[in-house]
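J.: For reference, each letter of the sequence shown is one residue, going 16 to 288 in this note's numbering. A virtual CB, placed ideally from N, CA and C, is assigned to each residue, including glycine. For reference, the structure I am asking about is given below.
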Amino acid sequence: QYTIMKGDTLEPLKIVATRGMTVDTQEYHPEPRVASIVASHYNPEFVVNVKETGKILMVNYKDINNLKVTTIGAARYLHDGGWDSTKRYFLVAANKSNKIAVVDAKTDKLVSLTEVGKIPHPGRGANFVDPKYGPVWATGHLGDESIAIIGTDPVKHKRSAWKVVRSLKGQGGGSLFIKTHPKSKNLWVDTALNPNPAVSQSVAVYDINNLTKGYEVVKIAEMADLGEGPKRVVQPEYNKYGDEVWFSVWNGKEQTSAIVVIDDKTRKLKHVI
16 QYTIMKGDTL
26 EPLKIVATRG
36 MTVDTQEYHP
46 EPRVASIVAS
56 HYNPEFVVNV
66 KETGKILMVN
76 YKDINNLKVT
86 TIGAARYLHD
96 GGWDSTKRYF
106 LVAANKSNKI
116 AVVDAKTDKL
126 VSLTEVGKIP
136 HPGRGANFVD
146 PKYGPVWATG
156 HLGDESIAII
166 GTDPVKHKRS
176 AWKVVRSLKG
186 QGGGSLFIKT
196 HPKSKNLWVD
206 TALNPNPAVS
216 QSVAVYDINN
226 LTKGYEVVKI
236 AEMADLGEGP
246 KRVVQPEYNK
256 YGDEVWFSVW
266 NGKEQTSAIV
276 VIDDKTRKLK
286 HVI
(Lines of atoms letter the chains of each structure in order from A and count residues from 1; the text may use other names and numbers.)
(Lines give C-alpha, C1' and ligand atoms only; values in the text may rest on other atoms or scores of the structure.)
Protein backbone atom coordinates (compact mmCIF):
# COMPACT_ATOMS: atom_id res chain seq x y z
CA GLN A 1 0.00 0.00 0.00
CA TYR A 2 0.93 3.65 -0.24
CA THR A 3 -0.23 6.57 1.88
CA ILE A 4 -0.87 10.14 0.75
CA MET A 5 -0.17 12.56 3.60
CA LYS A 6 -0.64 16.24 4.28
CA GLY A 7 2.67 17.88 3.50
CA ASP A 8 3.07 20.14 6.53
CA THR A 9 1.74 17.82 9.24
CA LEU A 10 2.23 14.33 7.72
CA GLU A 11 -1.40 13.57 8.57
CA PRO A 12 -2.50 10.50 6.55
CA LEU A 13 -5.18 11.54 4.07
CA LYS A 14 -5.64 8.39 2.01
CA ILE A 15 -4.27 4.86 2.13
CA VAL A 16 -4.42 2.92 -1.13
CA ALA A 17 -3.82 -0.81 -1.59
CA THR A 18 -1.41 -2.06 -4.25
CA ARG A 19 -2.75 -5.62 -4.45
CA GLY A 20 -3.27 -6.85 -7.96
CA MET A 21 -2.09 -8.90 -10.90
CA THR A 22 1.53 -9.24 -11.96
CA VAL A 23 2.44 -7.55 -15.22
CA ASP A 24 3.87 -10.66 -16.91
CA THR A 25 2.14 -13.87 -15.73
CA GLN A 26 -1.12 -12.13 -14.74
CA GLU A 27 -1.12 -13.85 -11.36
CA TYR A 28 -2.68 -12.28 -8.29
CA HIS A 29 -0.21 -10.96 -5.71
CA PRO A 30 -1.65 -10.39 -2.22
CA GLU A 31 0.92 -7.96 -0.82
CA PRO A 32 3.21 -6.31 -3.37
CA ARG A 33 5.61 -3.80 -1.85
CA VAL A 34 6.13 -0.20 -2.90
CA ALA A 35 9.82 0.03 -3.78
CA SER A 36 10.17 3.77 -4.43
CA ILE A 37 8.14 6.95 -4.86
CA VAL A 38 9.13 10.20 -6.60
CA ALA A 39 7.21 13.40 -7.31
CA SER A 40 6.53 14.41 -10.91
CA HIS A 41 7.94 17.72 -12.15
CA TYR A 42 5.13 18.02 -14.73
CA ASN A 43 1.86 17.07 -13.04
CA PRO A 44 0.45 16.90 -9.48
CA GLU A 45 1.44 13.25 -9.39
CA PHE A 46 3.51 10.74 -7.50
CA VAL A 47 5.34 8.04 -9.45
CA VAL A 48 4.79 4.88 -7.36
CA ASN A 49 6.87 1.82 -8.28
CA VAL A 50 5.28 -1.44 -7.14
CA LYS A 51 7.92 -4.13 -6.79
CA GLU A 52 6.32 -7.56 -7.17
CA THR A 53 3.62 -6.66 -9.71
CA GLY A 54 6.04 -4.74 -11.93
CA LYS A 55 3.61 -1.85 -12.33
CA ILE A 56 4.28 1.88 -12.19
CA LEU A 57 1.40 3.94 -10.81
CA MET A 58 1.04 7.60 -11.77
CA VAL A 59 -1.04 8.82 -8.82
CA ASN A 60 -2.71 12.18 -9.52
CA TYR A 61 -3.55 13.80 -6.17
CA LYS A 62 -5.13 17.01 -7.51
CA ASP A 63 -8.55 15.81 -6.26
CA ILE A 64 -7.75 13.42 -3.46
CA ASN A 65 -11.39 12.37 -3.02
CA ASN A 66 -11.54 11.35 -6.66
CA LEU A 67 -8.07 9.91 -7.04
CA LYS A 68 -6.92 9.24 -10.60
CA VAL A 69 -4.30 6.53 -11.07
CA THR A 70 -2.69 5.65 -14.40
CA THR A 71 -1.27 2.12 -14.30
CA ILE A 72 1.76 1.47 -16.49
CA GLY A 73 2.86 -2.10 -17.08
CA ALA A 74 6.65 -2.32 -16.84
CA ALA A 75 8.56 -5.39 -15.57
CA ARG A 76 9.42 -7.17 -12.34
CA TYR A 77 10.83 -6.47 -9.83
CA LEU A 78 10.76 -2.69 -9.76
CA HIS A 79 13.21 -1.10 -7.35
CA ASP A 80 14.85 2.33 -7.32
CA GLY A 81 15.61 4.86 -10.03
CA GLY A 82 16.06 8.51 -10.91
CA TRP A 83 15.24 11.30 -13.34
CA ASP A 84 17.05 12.09 -16.55
CA SER A 85 18.71 15.51 -16.75
CA THR A 86 15.50 17.20 -17.99
CA LYS A 87 13.40 15.67 -15.17
CA ARG A 88 10.82 14.58 -17.72
CA TYR A 89 11.77 10.91 -17.91
CA PHE A 90 11.99 8.60 -14.91
CA LEU A 91 14.29 5.59 -15.24
CA VAL A 92 13.70 2.75 -12.76
CA ALA A 93 15.38 -0.63 -12.38
CA ALA A 94 13.37 -3.82 -12.87
CA ASN A 95 16.11 -5.87 -11.30
CA LYS A 96 14.65 -9.38 -11.69
CA SER A 97 14.09 -8.73 -15.40
CA ASN A 98 17.48 -7.07 -16.05
CA LYS A 99 15.75 -4.04 -17.52
CA ILE A 100 15.46 -0.30 -17.01
CA ALA A 101 11.90 1.00 -17.42
CA VAL A 102 11.62 4.53 -18.80
CA VAL A 103 8.46 6.53 -18.10
CA ASP A 104 7.50 9.88 -19.63
CA ALA A 105 6.12 11.90 -16.71
CA LYS A 106 4.60 14.44 -19.10
CA THR A 107 2.43 11.94 -20.99
CA ASP A 108 2.24 9.23 -18.29
CA LYS A 109 3.35 6.55 -20.74
CA LEU A 110 6.04 3.88 -20.87
CA VAL A 111 8.74 4.90 -23.33
CA SER A 112 11.11 1.95 -23.17
CA LEU A 113 12.10 -1.26 -21.42
CA THR A 114 15.84 -1.19 -21.98
CA GLU A 115 17.84 -4.40 -21.58
CA VAL A 116 20.88 -3.93 -19.34
CA GLY A 117 23.19 -6.17 -17.30
CA LYS A 118 22.36 -8.57 -14.47
CA ILE A 119 20.33 -7.10 -11.58
CA PRO A 120 20.66 -3.35 -12.21
CA HIS A 121 20.93 -1.24 -9.05
CA PRO A 122 21.25 2.46 -9.92
CA GLY A 123 20.24 4.23 -6.72
CA ARG A 124 19.19 7.42 -8.48
CA GLY A 125 21.59 6.73 -11.33
CA ALA A 126 24.02 9.29 -12.74
CA ASN A 127 23.35 11.91 -15.43
CA PHE A 128 26.13 13.41 -17.53
CA VAL A 129 26.95 14.41 -21.11
CA ASP A 130 28.81 11.73 -23.02
CA PRO A 131 31.31 13.24 -25.50
CA LYS A 132 29.91 11.06 -28.30
CA TYR A 133 26.28 10.27 -27.39
CA GLY A 134 25.14 13.43 -25.62
CA PRO A 135 23.03 13.34 -22.44
CA VAL A 136 23.12 9.91 -20.79
CA TRP A 137 22.12 8.14 -17.56
CA ALA A 138 24.19 5.39 -15.95
CA THR A 139 23.59 2.41 -13.68
CA GLY A 140 25.78 -0.23 -12.08
CA HIS A 141 24.71 -3.82 -11.38
CA LEU A 142 24.58 -6.23 -8.48
CA GLY A 143 24.96 -9.31 -10.66
CA ASP A 144 27.82 -8.40 -13.00
CA GLU A 145 30.71 -5.98 -13.42
CA SER A 146 29.18 -3.81 -16.14
CA ILE A 147 28.11 -0.17 -15.98
CA ALA A 148 25.34 0.55 -18.50
CA ILE A 149 25.31 4.00 -20.12
CA ILE A 150 21.87 4.81 -21.61
CA GLY A 151 21.15 7.67 -24.01
CA THR A 152 18.43 10.05 -22.74
CA ASP A 153 18.00 12.67 -25.46
CA PRO A 154 15.20 11.70 -27.89
CA VAL A 155 15.36 15.08 -29.66
CA LYS A 156 18.99 15.82 -30.57
CA HIS A 157 20.34 12.27 -30.18
CA LYS A 158 17.33 10.24 -31.29
CA ARG A 159 19.30 7.20 -32.48
CA SER A 160 20.86 6.80 -29.04
CA ALA A 161 17.76 7.45 -26.95
CA TRP A 162 16.84 4.72 -24.46
CA LYS A 163 19.60 2.41 -25.73
CA VAL A 164 22.74 1.20 -23.98
CA VAL A 165 25.32 3.26 -25.87
CA ARG A 166 28.26 2.07 -23.77
CA SER A 167 28.85 -0.84 -21.42
CA LEU A 168 31.84 -0.08 -19.21
CA LYS A 169 33.81 -2.75 -17.40
CA GLY A 170 33.85 -2.15 -13.66
CA GLN A 171 35.68 -3.73 -10.72
CA GLY A 172 33.01 -6.39 -10.27
CA GLY A 173 29.43 -7.07 -9.28
CA GLY A 174 27.85 -5.87 -6.07
CA SER A 175 27.43 -2.23 -7.08
CA LEU A 176 24.81 -0.23 -5.18
CA PHE A 177 25.38 3.41 -6.16
CA ILE A 178 26.88 5.49 -8.96
CA LYS A 179 27.44 9.23 -8.84
CA THR A 180 28.75 12.30 -10.64
CA HIS A 181 28.13 16.08 -10.43
CA PRO A 182 27.49 18.77 -13.08
CA LYS A 183 30.77 20.49 -12.12
CA SER A 184 32.81 17.27 -12.11
CA LYS A 185 34.35 15.09 -14.79
CA ASN A 186 34.47 12.05 -12.51
CA LEU A 187 32.06 9.11 -12.39
CA TRP A 188 32.28 7.17 -9.11
CA VAL A 189 31.02 3.56 -8.79
CA ASP A 190 30.92 1.56 -5.55
CA THR A 191 30.97 -2.25 -5.25
CA ALA A 192 29.95 -2.61 -1.62
CA LEU A 193 28.42 -6.08 -1.92
CA ASN A 194 31.25 -7.70 -3.86
CA PRO A 195 32.59 -10.81 -2.06
CA ASN A 196 36.22 -9.78 -2.66
CA PRO A 197 37.33 -7.42 0.16
CA ALA A 198 39.76 -5.62 -2.14
CA VAL A 199 36.80 -4.69 -4.36
CA SER A 200 34.19 -3.97 -1.67
CA GLN A 201 36.64 -1.74 0.24
CA SER A 202 37.48 0.44 -2.77
CA VAL A 203 35.71 2.34 -5.55
CA ALA A 204 36.22 2.78 -9.27
CA VAL A 205 36.36 6.26 -10.78
CA TYR A 206 36.12 7.05 -14.49
CA ASP A 207 36.96 10.16 -16.50
CA ILE A 208 33.68 11.12 -18.21
CA ASN A 209 35.59 12.67 -21.11
CA ASN A 210 37.64 9.51 -21.66
CA LEU A 211 35.45 6.57 -20.68
CA THR A 212 37.32 4.09 -22.88
CA LYS A 213 40.44 4.65 -20.76
CA GLY A 214 39.01 2.48 -17.99
CA TYR A 215 38.88 3.19 -14.28
CA GLU A 216 41.21 4.14 -11.47
CA VAL A 217 40.84 2.31 -8.15
CA VAL A 218 40.66 4.48 -5.02
CA LYS A 219 41.19 2.54 -1.78
CA ILE A 220 38.70 4.34 0.45
CA ALA A 221 38.70 1.87 3.37
CA GLU A 222 42.49 1.93 3.54
CA MET A 223 42.34 5.71 3.89
CA ALA A 224 39.93 5.38 6.82
CA ASP A 225 42.42 3.17 8.72
CA LEU A 226 39.74 1.45 10.83
CA GLY A 227 41.52 -1.79 11.65
CA GLU A 228 39.62 -5.07 11.41
CA GLY A 229 36.19 -5.52 9.85
CA PRO A 230 34.45 -5.80 6.47
CA LYS A 231 34.78 -2.03 5.84
CA ARG A 232 32.41 -1.96 2.86
CA VAL A 233 32.59 1.33 0.97
CA VAL A 234 29.18 2.56 -0.17
CA GLN A 235 27.24 5.46 -1.68
CA PRO A 236 29.37 8.30 -3.04
CA GLU A 237 27.68 11.66 -2.46
CA TYR A 238 28.91 15.07 -3.61
CA ASN A 239 28.86 18.26 -1.61
CA LYS A 240 26.92 21.22 -3.04
CA TYR A 241 29.92 22.64 -4.91
CA GLY A 242 30.95 19.40 -6.58
CA ASP A 243 34.53 19.49 -5.28
CA GLU A 244 34.19 16.86 -2.55
CA VAL A 245 32.88 13.27 -2.59
CA TRP A 246 31.74 11.65 0.67
CA PHE A 247 31.75 7.87 1.19
CA SER A 248 30.36 5.71 3.97
CA VAL A 249 32.58 2.90 5.23
CA TRP A 250 30.32 0.24 6.78
CA ASN A 251 31.84 -1.93 9.45
CA GLY A 252 30.52 -4.56 11.86
CA LYS A 253 28.21 -3.71 14.76
CA GLU A 254 31.01 -3.84 17.33
CA GLN A 255 33.55 -2.17 15.03
CA THR A 256 34.24 1.42 14.02
CA SER A 257 32.65 2.81 10.85
CA ALA A 258 33.51 6.10 9.17
CA ILE A 259 32.74 8.73 6.56
CA VAL A 260 35.63 9.45 4.19
CA VAL A 261 35.81 12.78 2.32
CA ILE A 262 37.76 12.83 -0.95
CA ASP A 263 38.92 15.78 -3.06
CA ASP A 264 37.10 15.15 -6.34
CA LYS A 265 39.76 16.72 -8.54
CA THR A 266 42.86 15.12 -7.01
CA ARG A 267 41.08 11.97 -5.74
CA LYS A 268 43.07 12.36 -2.51
CA LEU A 269 41.92 12.14 1.11
CA LYS A 270 40.64 15.30 2.81
CA HIS A 271 38.96 14.08 6.01
CA VAL A 272 37.94 10.98 7.95
CA ILE A 273 34.89 11.45 10.17
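Exposed or buried, which one is M238 when buried takes at least 16 other CB atoms within 10 Å?
T.: It counts as buried.
J.: Which two residues bound the contiguous alpha helix (DSSP H) that contains S215?
T.: From DSSP, the alpha helix (DSSP H) with S215 extends over 212-215.
J.: Inspect the beta-carbon positions of I193 and W177 and report whether they are closer than 9 Å.
T.: Going by C-beta atoms, I193 is not nearer than 9 Å to W177.
J.: The alpha helix (DSSP H) with E237 in it runs from where to where?
T.: 235-239 is the extent of the alpha helix (DSSP H) around E237.
J.: Does the separation of the CB atoms of G244 and H196 fall below 9 Å?
T.: In this structure, H196 does not lie closer than 9 Å to G244 by Cβ.
J.: Considering Cα atoms alone, identify which of S51, V118, Y253 is closest to S127.
T.: Nearest C-alpha to S127: V118.
J.: Give a yes or no on whether the C-beta atoms belonging to L284 and I277 are separated by under 9 Å.
T.: The answer is yes: Cβ separation under 9 Å.
J.: Classify S272 as helix, strand or coil using the three-state DSSP reduction.
T.: In this structure, S272 counts as coil in the three-state DSSP scheme.
J.: Three Cβ pairs or more, each shorter than 8 Å: is that satisfied between the stretch 168-176 and the stretch 214-234?
T.: Contact fails: fewer than three Cβ-Cβ distances are below 8 Å.
J.: Compute the Euclidean distance between the alpha carbons of D168 and G96, then round it to the nearest angstrom.
T.: Rounded to whole angstroms, D168 to G96 spans 17 Å at the Cα level.
J.: Taking the C-alpha atoms as reference points, what is the distance between Y230 and I164?
T.: Computed Cα separation, rounded: 15 Å.
J.: Measure the Cβ-Cβ separation of L183 and L208 and say whether it is below 9 Å.
T.: Going by C-beta atoms, L183 is not nearer than 9 Å to L208.
J.: Can you grab the Cα-Cα spacing for the pair N201 / F61, in whole Å?
T.: C-alpha separation (whole angstroms): 31 Å.
J.: List the endpoints of the continuous beta strand (DSSP E) containing V264.
T.: Start and end: 259-265.
J.: For N266, which residues of its own chain have a beta-carbon under 7 Å away from its beta-carbon, when the five flanking residues on both sides are left out?
T.: So the list reads L241, G244, P245, K246, S272, once near-sequence residues are dropped.
J.: Taking buried to mean at least 16 other C-beta atoms within 10 Å of its own C-beta, is Y57 buried or exposed?
T.: Y57 is exposed by the Cβ-count criterion.
J.: My output table needs one value for S127: the three-state DSSP class, helix, strand or coil.
T.: Three-state result, S127: strand.
J.: Beta-carbon separation of T154 and A141 under 9 Å?
T.: Contact flag set, yes.
J.: What separation, rounded to the nearest whole angstrom, lies between the Cα atoms of D145 and V232?
T.: The alpha-carbon atoms of D145 and V232 are separated by roughly 21 Å.
J.: How about Y253 and S199: are their beta carbons less than 9 Å apart?
T.: A contact, by the Cβ cut-off of 9 Å.
J.: Let me confirm a value: M20 is counted as buried when at least 16 other C-beta atoms fall within 10 Å, else exposed. Which label applies?
T.: With fewer than 16 other Cβ atoms within 10 Å, it is exposed.
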